[in-house]
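In our numbering, the protein residues as written are 47 to 185. A short write-up of the structure that comes next.
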């Protein structure tokens with residue numbers, strides 16, 4: 047049976063031009079992850095994250111997530127973002143190499159039963175974070 051959310055996400059990812067849906071890819075990402083990152087650390091890197099539950103008719107069990115960066119703080123040469131959509135047991139989509147700035151936020155609307163995982167890869171030490179890949183998860 048085809049998961050209607052997976053099909054919708056596939057079409058969304060295809061339209062963005064960056065797709066990678068594979069368990070091997072997800073396992074490699076998790077193996078390289080140093081640990082979890084806090085919301086305060088994301089702000090220190092120049093990344094703001096907002097989550098808003100939708101209440102409009104027909105969208106009551108969905109939420110909108112917006113990622114945005116501050117051009118004054120965020121350094122896209124030393125900080126890379128990977129966004130993954132997951133269920134409890136499966137990886138549905140991975141998006142990377144997208145433009146993120148204060149002018150071009152990354153916006154996505156997902157059902158409440160999906161999780162959005164942000165992997166942040168830092169090449170230079172910043173604040174209390176050492177170089178490596180960190181994980182931030184919306185639950």
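Beta carbons: idealized from backbone N, C-alpha and C, even for Gly. Just so it is clear, the structure is predicted and the values come from calculations on it, not from any experiment.
Exercise for the section: Tell me, please, whether the region 122-133 touches the region 96-110 by the rule of three or more beta-carbon pairs shorter than 8 Å. Expected result: no
Problem - Residue closest to residue 119, alpha-carbon to alpha-carbon, out of 147, 143, 182 - result: 147
Problem - residue 163 vs residue 130 beta-carbon contact at 8 Å - result: Taking 8 Å as the cut-off, the Cβ atoms of residue 163 and residue 130 count as close.
Practice task
Have a look at the DSSP bridge pairing and note the partners of residue 115.
Solution key: Note: residue 115 is bridge-paired with 93 in the DSSP secondary-structure output.
Problem - residue 180 classed as buried or exposed, judged by whether at least 16 other C-beta atoms fall within 10 angstroms - result: Burial call: buried.
Handout entry: DSSP state of residue 160 mapped onto helix, strand, coil
Key = coil
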